[in-house]
Structure formats: C-alpha cells, structure tokens
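Okay, structure first, notes after.
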Amino acid sequence: MLEIKNLHVKLEEEDKVILRGVDLKIGAGEVHAIMGPNGSGKSTLSYVLSGRDGYEVTEGSAQLEGAELLEMEPEERAAAGLFLAFQYPVEIPGVGNMTFLRTAVNAQRKARGEAELSAGDFLKVVRERAKLLKIDADMLKRPVNVGFSGGEKKRNEILQMAMLEPKMCILDETDSGLDVDAMKLVAEGVNALRSEGRSFLVITHYQRLLDHITPDVVHIMAAGRIIKTGGPELALEVENNGYADLLAGVA
Amino acid sequence: MARAKPKSDALEPRLAALRFDESGWQAAARSDALARLTAIGLPGRRDEYWRYTDPSLLNAAQITPTAPLANDAEVFAKIEALKIVFVDGVFDAERSDPLGMEGVSIEPLSAATGDIHWARDLYGVLEARGQNPVARPLAAMNTAFATEGCLIRVTGHPLKPISIVYISESMASDVILHHCIKVESAAEVTVLESGQAAGRLNGVMEVELADGARFHHIRAQGRDAARLEVTHLFARIGKDANFKSFTMSGNGRLTRNEAVLELLGDDSSAHVAGTALGDGAFHHDDTVFITHAAERCESRQVFKKVLKNGAVGVFQGKILVKQGAQKTDGYQISQALLLDGDSQFLAKPELEIYADDVKCSHGSTSGAIDETALFYLRSRGVPLAKAQALLVLSFLAEAIGEIEDEALAAAVQARLEDWLHGDAA
C-alpha cells in the first residue's frame, strides 16, 4: 500500500535535517505503529506524506499503490486515498461541519471521476457514521471544530476518515489530550474502519492507544530514522523501559 | 509640492452641472443645505476625515464613462418583496411593483410635489444634525440637489421587504438619490437596496425610528469596476428601537459609505456591518459614527474586507458615549484579509467616552490566509482555490451573521460564493 524509501527531509526555512533515511513498507490491510521520543521526526513524516508546506525532500520517495505521493498537491494525495488525522484539528469558524464534509467528499469524488453525492444520500450516510462515533446533529451543524472539546475534535477527525473512505490512514497522536473513555470511542471508530483494503499508520507516544488499536507491526523512530521494528510486544517494551535502552542499543 | 486649490474653486464647476430646484416642500431644506455646502466646501485630502480616501473622483465636475457590466443578476431576485426600480437615477414605474402595501406608504421623491409633506421633518434634517462634530459636505450637496429617491413611511408591519433596485444603463450617469424613511412607533420594516445605480452615485438615506420601531437594511452595492459611490446613512433611533444595516460591496473604483447613527432613547440598539471584496483598482472606505445619548443602549460595528492586487480598504469607526449614557455596550471590529503583499488596510478606531459605567471594546486586525487551515482543507481533498474561497467565507462569517433574516443572509452568502468561485475559476 505505502512504500517509503530512504526518505530524507529538511526544513525549508533553515538547514535543519529532520528525517535521515526513513524506510517503511505497509501492506494492504496492515496496521503499523510508529513510536518514538519527542523530536524524533514522527509528526514530520506525517506532514511530508500529506504534503504540508515548509519541508524539503532532499532524497527518497514515498509511493501509495505505486503512485509517487511527493509529487502531488495535498488535495491530489487525498483523492489518491491518503488521509491524515491531525494532532491538532483546525477550527474553521463560519464553515459548517456538514458543508465542509460534503465539499471534501464531493471534491474527492470529482477528482476521481465519480458522480457527486446528492444532499439526501450524503445526509443519510453522514448520520449513520456519526452515530457510531456519538457525534450528534448539533456537532454536525456547528462550524468545523469551533467550540469542540479535545475529544470531540478527534472524533470529528475519525468521522471525516469514515466519510472519505481513504486507503491509507495516518493518525498523528490521535490519543493526545484524550481521556480513557474518549480514547476508547476513537479506537472503536478506527477499528470499525479496519478492512483488507485499508491500511493504518498510527503515530503515538504511548502504548495505551495500541491496547485498543492492535498493530501488526511496531516501529521505533529516533533522530529521523526507524531504529527498530517488531511486533506489538515492542510497544510494551517501550512502555516498561522507556526509550533509553533502545536508543543506547543503537548508539 | 503643488499647492491644493482653494476648495471653492472646485465647488463651482462641480455644481455647475446640477440643477437647483427652488420649488416645493423641500425648498427651505435645500437652500439651507446649499448654504452649508458653500460654507464647508468640498472635501479635500487635507481634511482629517478624508485622510485615507482621496475624494477627487467624487468632487470632479465630470466622470469618465465606461461600459456598464452586463448580466449582473439581481442579488435579492428570489426574495419576495415590493420592488421599486430606479434606472440611472430615475424612478421607473413600469418596472416597479405597484407601490401599495399594508402598513406602509411609499412615494418617489419626484412625485411628492406640493408645499406640505410628512417628510419635511426628515428631509435634510438628519443630514444637518450629522454635520457635527464632523462636516459631511457631500451629504449636504445631496440634500441640496437631489430630486429623486424614496419617501417611505411605515406605520405597521408590511408583509414583504421593500426592495430598491438600481439599474444603470449608462455608466455616464451621475446620480444623486435621497431616501427618507420614517418608522412609526412599534412598526417594523426591511429595506433592501441592490444593483448598480449609476456611473457615479451620491446617495443619502435618512431614517427615523420612533419608540419600539425596528429597521433592517441590507444593501448590495453594484459591482462595476468603475463604480464611484459615496453614501450617507443617517439615523435617529428612539427608545427600545432596533436599527440594523448590512452592506455587501464588491469591486468599484471608489466607495465611501458613511453611517451616522444616534441612539437617542434608552434600551435601543444600532448594528452596522459590512463585507467588501476588492481586487485591483479598488478603494473602499467605511466611515461610521455612532453616538450613545441614552442609557443601556447597545451598538455593534462589524466590518470585514478581503483585498488583493493592490486593493485598499479603509475603516474609520467611532463610538461617542455622551455624559449620562450609562450602561452603554459598544463593540467595534474591523478586519482585513490581505491575499497578497500589495494590498492595504487602513483603520482608525476611535472611542470617546463621557460616562463612567460603560462597556466598550474595539479591535482591528489585518492578516493573510491561515496556512494551517488551508492545508487542513486541502488535506481533505478540497482543491486550493475552493479551500481559499471557503476560508474567505469563514473570515466574513461574523459580518454576515449580522443579517437576522435567514433567507436574506442566504442570498448574500450565495452572491459572495458566486464571486469567490467565479474568481477561483
């Protein structure tokens, strides 16, 4: 599904190198987790894959089903099936959540040459998927993320994911700022979307989220590189011993 | 530096083309206004009140005609309303609806002849009051020379809004229009204005709200790129009365919209808001003066401008709280979204307060589109141009939110979307 090869990235504005040769291969239907200490480059990886400004790729490639992501505009990547759940979802006053969702869904359909969804069909689907995430009619009507609690914002991200039906989902610290109940709700939303044709990359600091979203593969990232790859037990090791041992092992 | 000509030199040629009508019930008001204008002279760049806006195109004896914009659809076409049509400044009975409606009497100014008329207490009276403490010479010129407009007296609750529709068939037209609106005690009316009135328009609207009256005003200014327009909105607001005015402007070489509102009765409110979209040779000036002269009154000024390719936006807004106007609640916000580095926003917010128990706040900002929000939308698959348009609408939302009526707000929103997506295409 996603294949990243030798990815090197620096900041555009300054000479700071963030990623120093990331290699990662995620198969269809797999769930991978990336863990790592602050500043290791986890969030940068998610931004570079989704096409945020401010980064310069100096080497390497990232392909989604064989198509080179790094040459596409952010909206093209989205239409190709990539989705990033933001660590800090953005508030957009004056634009209704429903309008936003419908604009996004139909823009993607249009980009893929599919027919746009009618208002009625869209409403039906949105209500059904919102219900699963305990998002009520009021939240759908309100401006995008405005006045939403931390948990509501993250649930709203998952709703967008459910509506856009991406092939490759990246979750950037979706667990940050969530209490246990909210995290369970978000995890349930994600698990409901797991399927053979859909892959996930879950970026997190803690093992906690991985209790609810069980990964197939866990990677540890440090200083812009993936330094260790293993099964779910690797996450537990981090939880018990911290990163220090792993980092020392590499150095 | 070249010395500016004495103002009186410019006044003579400007007035030469205008006909002074000495007959009828407005005669005294016209003579007084002409005397005021002669004493004040035309506005000039040296006047503090015209520091950010060059009035020379408004002062010029003649205008340079251009071709009018074709197919500019009427913004409020889908709103069921009583339509009053002016073509290049002349009332057009055939294109207008019959002027009868329950709860209101409507008359074109040109038809209101004779020596006695209810509007005598209003015509030029509010304009004259509005000359202090700041002179507004172009409004005095309007009172002196206007021969057309609407006289509207509201005594009840008319079922439909009154929609004043302007059509310009010749951009050579240089037009003065003067409207007087009197809303009697506990009566209520919605007045819409839309369309291109002329190549150059000098418009005045005087509004008197008796106790408990409600007035809603929504205006969509014409969008010809060469449009020149100066408007003055004067209002005297009684006890428990509510005044609301919203203006949408797009394009136009030069626009100066002044609002001079007086809260004279306790527990009344005045809201004035506007959105302006400017591209290129565009200069848009909102100048607002709100006086609180009674207790527990509320006022709001909400102005948003979106500027690109060298467009200029100006906001001069003042809240004057007189002695004794306790528990005043005044709010003022003016913001510009600059879509490039060539555009400019100039703001002068002012508060002058002579009461000790009041709440007044004001803010003014100018900035670019939020890159994070733009990326957020694009990452969901919304193409760049559409994402920008959505964020512009998001920026304008607070001002559009000032329109109470949902259908009217939707009509304004639809027109804005049209413009923005037209831009995007």
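For the protein sequence lines, the chains are A and B, in the order given. Quick note on numbering: the first sequence equals residues 1 to 251 in the working numbering. Quick note on numbering: the second sequence equals residues 1001 to 1425 in the working numbering. Ideal Cβ positions, reconstructed from N, Cα and C, are used throughout, including at glycine.
Show which residues of chain B have a CB atom less than 7 Å away from the CB atom of residue i.
i, result
"Ala111(A)", "Gly1381"
"Val95(A)", "Leu1390, Leu1393 and Ser1394"
"Ser50(A)", "Ser1379"
"Val90(A)", "Thr1372, Ala1373 and Tyr1376"
"Gln108(A)", "Gly1381"
"Pro74(A)", "Phe1375, Arg1378 and Ser1379"
"Phe122(A)", "What Phe122(A) touches in chain B: nothing, since even the nearest Cβ is about 15 Å away."
"Leu84(A)", "Ser1379"
Just how far apart, CA to CA, sit residue i and residue j?
i, j, result
"Asp179(A)", "Ile158(A)", "16 Å"
"Glu56(A)", "Thr1190(B)", "56 Å"
"Leu140(A)", "Arg198(A)", "25 Å"
"Leu1015(B)", "Arg102(A)", "56 Å"
"Asp175(A)", "Ile1079(B)", "49 Å"
"Glu1258(B)", "Lys1305(B)", "16 Å"
"Ala1276(B)", "Glu1417(B)", "13 Å"
"Gly29(A)", "Arg77(A)", "19 Å"
"Arg1003(B)", "Arg1045(B)", "Since pLDDT at Arg1003(B) reaches only 43, below the 50 mark, its modelled position is unreliable, and the value read off the structure follows with that caveat. Distance between the alpha carbons of Arg1003(B) and Arg1045(B): 12 Å."
"Leu1034(B)", "Thr1291(B)", "26 Å"
"Ala1424(B)", "Gln1301(B)", "Low local confidence applies: a pLDDT of 45 at Ala1424(B) is under 50, so the model's placement there is unreliable, and no value is given."
"Ala1409(B)", "Ala244(A)", "59 Å"
"Leu171(A)", "Arg194(A)", "13 Å"
"Phe1234(B)", "Glu73(A)", "51 Å"
"Asn1059(B)", "Gln1388(B)", "37 Å"
"Gly1149(B)", "Leu1099(B)", "14 Å"
"Ser1268(B)", "Gly1124(B)", "23 Å"
"Arg225(A)", "Asp15(A)", "18 Å"
"Glu116(A)", "Pro232(A)", "40 Å"
"Val146(A)", "Gly1274(B)", "23 Å"
"Met1001(B)", "Asp1054(B)", "Confidence is the limiting factor: at Met1001(B) the pLDDT is only 41, short of 50, which leaves the residue's position unreliable, though a coordinate-based value still follows. One C-alpha to the other measures close to 17 Å."
"Ala1442(B)", "Gln1316(B)", "No answer is possible for residue 1442(B): it lies beyond the span of chain B, which begins at 1001 and ends at 1425."
"Tyr47(A)", "Ala1373(B)", "14 Å"
"Arg1019(B)", "Arg1030(B)", "12 Å"
"Ser1056(B)", "Lys1244(B)", "31 Å"
Report the residue from the options whose alpha carbon sits nearest the alpha carbon of residue i.
i, options, result
"Leu1138(B)", "Val1175(B), His1217(B) and Lys1308(B)", "Val1175(B)"
"Gly1341(B)", "Pro1349(B), Ser1361(B), Asn1309(B) and Thr1328(B)", "Asn1309(B)"
"Glu3(A)", "Gly151(A), Glu75(A), Ala111(A) and Met168(A)", "Met168(A)"
"Met221(A)", "Lys10(A), Met1(A), Arg20(A) and Met163(A)", "Arg20(A)"
"Leu7(A)", "Gly96(A), Asn145(A), Lys42(A) and Arg142(A)", "Lys42(A)"
"Ala1220(B)", "Glu1206(B), Phe1246(B), Leu1058(B) and Ala1210(B)", "Phe1246(B)"
"Ser1361(B)", "Ser1343(B), Phe1234(B), Phe1345(B) and Ser1299(B)", "Ser1299(B)"
"Gln1131(B)", "Val1260(B), Arg1019(B) and Ala1197(B)", "Val1260(B)"
"Gly54(A)", "Leu247(A), Ala111(A), Val9(A) and Glu196(A)", "Val9(A)"
"Val1312(B)", "Ser1110(B), Phe1282(B), Lys1322(B) and Glu1295(B)", "Phe1282(B)"
"Gly1024(B)", "Lys1386(B), Ala1119(B) and Ser1105(B)", "Ala1119(B)"
"Phe1088(B)", "Thr1147(B), Thr1113(B), Gly1114(B) and Gly1238(B)", "Before going further, note that residue 1088(B) is Asp rather than Phe in the sequence given. Checked all of Thr1147(B), Thr1113(B), Gly1114(B) and Gly1238(B); the closest Cα to Asp1088(B) is Thr1147(B)."
"Arg1223(B)", "Arg1296(B), Ile1106(B) and Thr1255(B)", "Thr1255(B)"
"Ser1168(B)", "Ile1218(B), Ala1197(B) and Gly1278(B)", "Ala1197(B)"
"Tyr206(A)", "Gly177(A), Leu70(A), Asn191(A) and Gly224(A)", "Gly177(A)"
"Lys1083(B)", "Glu1193(B), Ala1397(B) and Arg1253(B)", "Glu1193(B)"
"Ala1480(B)", "Gly1422(B), Ala1017(B), Lys1160(B) and Leu1126(B)", "Absent from the structure is residue 1480(B), since the part of chain B shown begins at 1001 and ends at 1425."
"Pro1383(B)", "Leu201(A), Arg109(A), Glu196(A) and Asp211(A)", "Arg109(A)"
"Ala67(A)", "Arg142(A), Thr58(A) and Gly81(A)", "Gly81(A)"
"Ala1061(B)", "Glu1012(B), Leu1393(B), Phe1375(B) and Ile1403(B)", "Glu1012(B)"
"Gln1026(B)", "Val1358(B), Ile1403(B), Leu1264(B) and Asn1142(B)", "Asn1142(B)"
"Phe148(A)", "Pro89(A), Leu164(A) and Gly113(A)", "Pro89(A)"
Applying a beta-carbon distance threshold of less than 8 Å, which residues of chain B neighbour residue i?
i, result
"Asp53(A)", "Glu1371 and Phe1375"
"Thr103(A)", "Val1382, Lys1386 and Leu1390"
"Leu201(A)", "Within chain B, no residue comes near Leu201(A); the closest Cβ sits about 15 Å away, beyond 8 Å."
"Gln289(A)", "No answer is possible for residue 289(A): the residues shown for chain A start at 1 and end at 251."
"Ala79(A)", "Gly1381"
"Leu164(A)", "Arg1380 and Gly1381"
Note down, in chain order, every chain A residue with its Cβ under 7 Å from the Cβ of residue i.
i, result
"Ala1397(B)", "Pro93 and Gly94"
Return the Cβ separation of residue i and residue j in integer angstroms, given the expectation that the two are a contact with Cβ distance under 8 Å.
i, j, result
"Gly1199(B)", "Ser1173(B)", "5 Å"
"Ile1116(B)", "Ile1152(B)", "Their Cβ separation, rounded to whole angstroms, is 18 Å, which puts Ile1116(B) and Ile1152(B) out of contact at 8 Å."
"Arg1236(B)", "Glu1208(B)", "5 Å"
"Asp1032(B)", "Ala1112(B)", "Actually they are not in contact, since the Cβ atoms of Asp1032(B) and Ala1112(B) sit about 18 Å apart, beyond 8 Å."
"Thr204(A)", "Ala33(A)", "6 Å"
"Gly189(A)", "Ala162(A)", "7 Å"
Quiz prompt | alpha helix (DSSP H) runs contained entirely in the segment 139–218 of chain A, provided each spans 4 or more residues | solution = 150–164, 180–193 and 208–212
Exercise. Output the residue ranges of the beta strand (DSSP E) runs that lie fully inside the segment 1080–1151 of chain B and measure 3 residues or longer, sorted by chain position.
Key: 1082–1087 and 1104–1108
Quiz prompt | Whole alpha helix (DSSP H) elements within the segment 1371–1418 of chain B, 4-residue minimum | solution = 1371–1379 and 1384–1400
Quiz item: Which runs of the beta strand (DSSP E) fall wholly inside the segment 33–100 of chain A and span at least 3 residues, in chain order?
Solution: 55–64, 82–85 and 92–96
Quiz item: If you scan the segment 9–35 of chain A from start to end, which runs of the beta strand (DSSP E) of 3 or more residues do you find wholly inside it?
Solution: 17–26 and 31–35
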